[in-house]
Each structure stands twice: as structure tokens, then as C-alpha cells.
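Comments concern the structure below.
Protein chains: 2
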Amino acid sequence: MVQEHGLPVLAIDLGGTKIISAVVSADNQVLLKDYCLTLADEGQTAVINRIFSGIDTLLGQTGLLPSQMGGISLAAAGAIDSARGLITVSPNLPGWRDVPLRDILKGKYGIDTFLINDANAAALGEYGCGAGVGVNNLIYVTVSTGIGGGIIIDGKLYSGACGSAGEIGHMTIDVNGPHCSCGNVGCLEMLASGTAVAKEAIERISRGESSSVTDIVRGKIQDITAKEVGMAAQDGDVLASEIIYKASSYLGIGLVNLVNIFNPEMIVVGGGMSKMGDLLLEPARQLVAARAMPLSAGAVRIVTAKLGEDSGVLGAAIFARQQKLI
Amino acid sequence: MVQEHGLPVLAIDLGGTKIISAVVSADNQVLLKDYCLTLADEGQTAVINRIFSGIDTLLGQTGLLPSQMGGISLAAAGAIDSARGLITVSPNLPGWRDVPLRDILKGKYGIDTFLINDANAAALGEYGCGAGVGVNNLIYVTVSTGIGGGIIIDGKLYSGACGSAGEIGHMTIDVNGPHCSCGNVGCLEMLASGTAVAKEAIERISRGESSSVTDIVRGKIQDITAKEVGMAAQDGDVLASEIIYKASSYLGIGLVNLVNIFNPEMIVVGGGMSKMGDLLLEPARQLVAARAMPLSAGAVRIVTAKLGEDSGVLGAAIFARQQKLI
Numbered sequence: 001m002v003q004e005h006g007l008p009v010l011a012i013d014l015g016g017t018k019i020i021s022a023v024v025s026a027d028n029q030v031l032l033k034d035y036c037l038t039l040a041d042e043g044q045t046a047v048i049n050r051i052f053s054g055i056d057t058l059l060g061q062t063g064l065l066p067s068q069m070g071g072i073s074l075a076a077a078g079a080i081d082s083a084r085g086l087i088t089v090s091p092n093l094p095g096w097r098d099v100p101l102r103d104i105l106k107g108k109y110g111i112d113t114f115l116i117n118d119a120n121a122a123a124l125g126e127y128g129c130g131a132g133v134g135v136n137n138l139i140y141v142t143v144s145t146g147i148g149g150g151i152i153i154d155g156k157l158y159s160g161a162c163g164s165a166g167e168i169g170h171m172t173i174d175v176n177g178p179h180c181s182c183g184n185v186g187c188l189e190m191l192a193s194g195t196a197v198a199k200e201a202i203e204r205i206s207r208g209e210s211s212s213v214t215d216i217v218r219g220k221i222q223d224i225t226a227k228e229v230g231m232a233a234q235d236g237d238v239l240a241s242e243i244i245y246k247a248s249s250y251l252g253i254g255l256v257n258l259v260n261i262f263n264p265e266m267i268v269v270g271g272g273m274s275k276m277g278d279l280l281l282e283p284a285r286q287l288v289a290a291r292a293m294p295l296s297a298g299a300v301r302i303v304t305a306k307l308g309e310d311s312g313v314l315g316a317a318i319f320a321r322q323q324k325l326i
Numbered sequence: 327m328v329q330e331h332g333l334p335v336l337a338i339d340l341g342g343t344k345i346i347s348a349v350v351s352a353d354n355q356v357l358l359k360d361y362c363l364t365l366a367d368e369g370q371t372a373v374i375n376r377i378f379s380g381i382d383t384l385l386g387q388t389g390l391l392p393s394q395m396g397g398i399s400l401a402a403a404g405a406i407d408s409a410r411g412l413i414t415v416s417p418n419l420p421g422w423r424d425v426p427l428r429d430i431l432k433g434k435y436g437i438d439t440f441l442i443n444d445a446n447a448a449a450l451g452e453y454g455c456g457a458g459v460g461v462n463n464l465i466y467v468t469v470s471t472g473i474g475g476g477i478i479i480d481g482k483l484y485s486g487a488c489g490s491a492g493e494i495g496h497m498t499i500d501v502n503g504p505h506c507s508c509g510n511v512g513c514l515e516m517l518a519s520g521t522a523v524a525k526e527a528i529e530r531i532s533r534g535e536s537s538s539v540t541d542i543v544r545g546k547i548q549d550i551t552a553k554e555v556g557m558a559a560q561d562g563d564v565l566a567s568e569i570i571y572k573a574s575s576y577l578g579i580g581l582v583n584l585v586n587i588f589n590p591e592m593i594v595v596g597g598g599m600s601k602m603g604d605l606l607l608e609p610a611r612q613l614v615a616a617r618a619m620p621l622s623a624g625a626v627r628i629v630t631a632k633l634g635e636d637s638g639v640l641g642a643a644i645f646a647r648q649q650k651l652i
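Protein chains in written order, with this note's numbering: chain A, 1 to 326; chain B, 327 to 652.
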């Protein structure tokens, strides 16, 4: 029998744009990394073949057999049924429904395989080797195209009755707000995500408001994303600053709710929007200080994530270790 | 050394109206119970003396010494700092601030003493011997004058960094909603509590809308509480039905948030308003089915609490046992 303790894990972050595959050591170092585009519109088989290809590339580079790995662990957005090993539905993988990706990977490589929601993986990553090391009760919030989350309680991922916990972006904060594609109304994601920021910038600039964002995208207003709005806000553009401030305030309202519900030691904010740093976080922090229960508001630190694009693979690897107790 | 395993616990529920003191056996039976009015406006010393008196009465009836008890455990509303044994602030106890009630009780009786938030206690009670027996991940929501909650994860109370977790009633569900006395805005409690129901009934009837609630309170409109509105709604009164339906819908929005965040196996709804049963719960359940993430919505059972007024003392006793491992 192979001694599994200390074996590296093959970790995959199956994103909407790219697939990151990595070999992660037992002490959470990314030893090797491989990228390819997801190209989800080419269909399920093509995507799965690209996952195989990433794994094969890494195995080739290490010169190890699958059996010399501690397991495979894959993180993906959406409703991931970790217990049954299914990608139930995923916003990044149109047409996928109840895809038994765990068994597909296990069938090919013959080793233990795990699936996990990507925000849950990032939460574990930040807890295990990022901003939240040593913080046993923390909430991870990713603010990107969408808003997701992961809950660490007593040093373990809390994933709920069927692995769906942590859908922080789909909490109603505005009962009279817009309908969300998830079926709910006034979701935090509709008001504070990168998508919301880009949408508001496009609408307001299209209506004639002036902003340096227009120059950044060279007049192609439909190309505006939250990144450009953030850049303009950082440079003091008034419209962009207003839009980011508004999103940050909505984010703050979501964080107040989390602080009152969880009384966490820390909230780690990751995802693309978190690269704006205090521009995004400071108004949210002020809202928490002003509105959350004083004991809980005083106890929480609200910080940006540390791991960047590696959070998914690092967290997926930690998840595999926790599941296997390796 | 006294063998502590199996000893009864002196459990106290310090409510806004009355103080319930009880002797609770190791198998969660209320062996003896004593009541007195809280009369908080008589001041802190008077209330504490009434707590002493309740304990003394029960000790007298049992014929046991304090040292023959497993401990004292007291549940109260508000921000209870369980770790430091303080009643930080409590809506039911005006003027109390950082009162070291644990040490006051321990000083008098010389045995281990514990303080716990009353909704957290009720959560433990329903988990230990009520509606949630055997359900390791559940959320308890009390809908009464205010709205509070308790979170059971892996069979244990999750109380957060400093014992303040579970303030479910103070989650913003309407960013443009009314200001709450807690300092937050559009809190669930402002929209779905018994207080909100009574307030809306009084306002609408005062404006001239007709309702059988007016007859129930014999024309004394200012005396209307949620109880009368619930009674009238049960009898088909249109205005009362509308008001209860609206509160239930707001409650449902809060439950959708909890379902998406926690993916719990069960939500137990207690408190005075829960006596309305399906009149309150059914619209909320329908909202969860329509709006929450399908996997999570399918996994959760939303039920009424079973323990009634004993939930606080039973939960407080369970808390003491969990803390002492007795």
C-alpha cells in the first residue's frame, strides 16, 4: 500500500475563461501549473478532454503515475454536489446538468477524486495558506462577475446539507430590487458584483454622462468592465468613483448581514473586484462599523484575499486532504 | 468529589415579562418550575433578587444544596457575552450594561454558572429535545416581539467570535427600509416581527380600515398585538390576513437568505408568532420553494418549534452540559 500522507494533489480550477491545473504539495506549494482556455461553447466533451490534457501534461512533467498522487480535486463555479460528485449546474458551463465529473475523472485515472464549489475552495485556500491562516471562523466572499462565498467554521469548510452552503451573493438585500437569474429578487450579486458595476457604467455613459472610462475603452462603451471603472475611480473620475462607492455600499450591507449572522473573526474578500483594495473595502468597512451589532462589528477584520488566481487550486487540494485525512 | 454526570441543572429564562426558573434533569425533563414577573423597571438589583428568589424556591422544593446541582445556566435576550459572562445590553433590561451576572450568580451559589442568548438557548433546546432532534445542521428563528436566531452546526451551537452569532433579525432585507433601533436599516425584524404586525394593524385601523381586530380589542386600538391580528386572520378577516401574509412574505425572504447561505437541513420557527402555524409558515415556505437555490430549497424542512415556553430553560440546561461536558 502506498503511503498517502504527504503526496501531492492534482488540483484543477475549472473557470469560465480558463482551466488552471496544478500539482500542489502537502505544504500547499504550487509545484507545477498548466493553463488552457475553457472554451465551454465547444461542448462538454471538449472541455473534459482539456481537463484530461492538463492532468496528463502535469503527470508527464512530474514523471509520476496517477497512483503516486494523493488524489484529484476539481473546483468549479455553480451548484456542485460534492457528496455525489456532480456538477449540477454551473453558470460557466452552459448545458451541463448533473454531470458526474468526479466519476469521469476517477474512471480515467483510478484515484480518489473530489469536486468542490470554487468559492468554497477559495475559502479553504485563504484559510489554509492565505489571508486567514490561524483564523478558525471566517467567511470568504468573492466579488467578481458574480458574488460567491465560503464558510469556515472551526477550521473546516461548512458546506451544508448537500454542499450548497455559502451562496452569499444570492441573499436578498433589496426586497424591491431587480430579479436575479437565480430566481431570487434583489440579490447582493445584482447590486455589488463586477457585472453590476459594468452595467451601471455602460448605462450612465450611454445616457450621456461623461467619464474617463470612455477614453480607457477608446469609446467602445459596450466593452466596459468593472476593471476599467475601478481604474478610472482610482484616478479620481467622478462617475466611476460614484459607481464603485455605490457597489461598495451594497457590499457593505451584505457584510453587515454576515457579521450579524456569523459574528466571524474575519471576512476575506477576494475575486477580481478585490484588486481595487481599499477603494472597494473601506466604504464597506465603514458601513459595518456604523450598522452591525457593536460586539460583532468590533470583533471582525475585513481584509483582501492573498492567493490571487491560485486560491482555487490551493483550496481544492486542501479539500482533498481534509476529505481523505491525508 | 461529587459525581457531576447526571446532575440536574438550575436553568433560568430571564424574559422581558417574566422570569422562568426550572430544575432540568440530565434527560431534559423540566422537573420543577417557578415563575415570577421580571418588572425590569424596578431596577437591576430588584430583578437580580427575583432571580435569587426563584433559585432559592426551587432549591427549597428539591431539598438539594447548590453543590448538588450541575450548575446554573441563564438565558436572556440581547447581546450576551457568554465567554466573559456579561449581559452586555438587553432590549428587555433597560439600563443594564456589561452586567457580570455570571459572577454575581456564581458568587452567591458557588457553582458553575453560564449565560447564553435566549434564541441561542432555544435553538439548542429544539435541537436537543424538540423539533430538531437528530438534525445536526439547523437554524432556529424566533419570531416574537423581535426576531432572533440560533445556529446549530454539527450538533453544536455556533456562537461566533464572541458569542453574538445568530442575529438573524438584524439582517437587512430592504436597503430602503426603515431604520432599526439596532443601528441597521431595513432589518427583517422591522418587517416581519410581531411588533411590525401590530404596528401595521394599528396604523391601518386608525386610518379607518375596518377589521374584526377592532372588536377583539373592544375598540382599544392601541392595545392591538400580533396575537389579535393572528386570531382575526385565522377567522378570515381580510385586513388581518393581508397583514399576516405580508409579514410571512418578509419572513420568507429572510428564510430564503438563510437557506442560500446555510443550506440547512431544517429551519425551526419558534416565538409567539409561530403559534399561528401554517398561516405564518406556508407563504414563507412557498417563497423559499420559488426563490431559493433549488438544491438547498429541496433539502430544507421548515417547521414550527415544539418546546413552547420551556425552550429557553431546556436550551440553557443543554448549554451548561455542553460547556461542562456533563
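Note that CB positions come from ideal geometry on N, CA and C, so glycine has one too. Owing to the predicted nature of the structure, the values given are computational and were not obtained by experimental measurement.
Straight-line gap, residue i to residue j (C-alpha atoms, nearest Å)
i, j, result
"B:S399", "A:I253", "35 Å"
"A:A79", "A:R291", "32 Å"
"B:D563", "B:G512", "28 Å"
"B:G596", "A:M293", "23 Å"
"A:G163", "A:A83", "7 Å"
"A:P66", "A:I51", "14 Å"
"A:I243", "A:G194", "11 Å"
"A:L256", "A:A46", "According to the sequence provided, residue 256 of chain A is Val. The question's Leu does not apply to it. Cα-Cα distance, rounded: 42 Å."
"A:D56", "A:I48", "12 Å"
"A:G277", "A:Q68", "40 Å"
"A:S90", "B:E452", "36 Å"
"A:L307", "A:S211", "32 Å"
"A:A232", "A:Q322", "42 Å"
"A:N273", "A:G169", "Looking at the sequence provided, one finds Met at residue 273 of chain A rather than Asn. Rounded to whole angstroms, A:M273 to A:G169 spans 14 Å at the Cα level."
"B:I531", "B:N502", "25 Å"
"A:R97", "A:G183", "17 Å"
"B:K546", "B:V539", "10 Å"
"A:A284", "A:F262", "17 Å"
"B:L441", "B:L517", "29 Å"
"B:I430", "A:V288", "33 Å"
"A:F319", "A:A121", "7 Å"
7 Å Cβ cut-off: residues of chain A touching residue i
i, result
"B:Y657", "Here chain B covers residues 327 to 652 and nothing more, so residue 657 of chain B does not appear."
"B:E591", "A161"
"B:F588", "G160, A165"
"B:A625", "A161, C162"
Assigned exposure category for residue i - 16 Cβ within 10 Å defines buried
i, result
"A:L10", "buried"
"B:E591", "buried"
"B:E529", "exposed"
"A:Y327", "Chain A is shown only over 1 to 326; residue 327 of chain A falls outside these bounds and no answer can be derived."
"A:T113", "buried"
"A:G110", "exposed"
"A:T145", "buried"
"A:V133", "exposed"
Residue range of the unbroken beta strand (DSSP E) whose run includes residue i
i, result
"A:L138", "138 to 143"
"A:G150", "147 to 153"
"A:G270", "266 to 270"
"B:I629", "Checking the sequence, you will find Val at residue 629 of chain B rather than Ile. From DSSP, the beta strand (DSSP E) with B:V629 extends over 627 to 630."
Interface partners of residue i on chain B, CB under 7 Å
i, result
"A:T172", "I499, I579, V582, N583"
"A:N137", "G486, A487"
Heavy atom of the ligand ATP within 6 Å of residue i beta-carbon
i, result
"B:I398", "The model depicted lacks the ligand ATP and carries no ligand whatsoever."
Per-residue contacts from residue i into chain B (C-beta, under 9 Å)
i, result
"A:S317", "A small correction: the amino acid at residue 317 of chain A is Ala; Ser does not occupy that position in the sequence shown. The premise fails here: A:A317 is roughly 23 Å from chain B at the closest Cβ pair, so nothing lies under 9 Å."
"A:M293", "A405, S490, E493, H496, C508, G509, N510"
"A:S296", "A405, G486, A487, C488, S490, A491, E493"
Extent of the continuous alpha helix (DSSP H) to which residue i belongs
i, result
"A:K275", "Per DSSP, A:K275 belongs to no alpha helix (DSSP H) and is neither H nor E."
"A:N260", "238 to 262"
"A:G312", "311 to 324"
Contacts that residue i makes with chain A (C-beta to C-beta distance below 8 Å)
i, result
"B:N443", "By Cβ distance, chain A contributes nothing, its closest Cβ being about 11 Å from B:N443, past 8 Å."
"B:A616", "G183"
Alpha helix (DSSP H) runs wholly inside the region 338 to 397 of chain B, at least 4 long, in chain order
As far as the region 338 to 397 of chain B is concerned, its whole alpha helix (DSSP H) runs of at least 4 residues are 370 to 388.
Beta strand (DSSP E) runs contained entirely in the region 76 to 134 of chain A, provided each spans 3 or more residues
The region 76 to 134 of chain A contains these whole beta strand (DSSP E) runs: 79 to 81, 86 to 89, 113 to 117.
Curious, which full-length alpha helix (DSSP H) runs of at least 4 residues does the region 159 to 231 of chain A contain?
For the region 159 to 231 of chain A, whole alpha helix (DSSP H) runs of length 4 or above, ordered along the chain, are 188 to 192, 194 to 206, 213 to 216.
Pull out every residue of the region 407 to 424 of chain B whose Cβ sits closer than 8 Å to any Cβ of chain D, in chain order.
Judged by its chain identifiers, the structure shown contains no chain D, and its protein chains are A and B.
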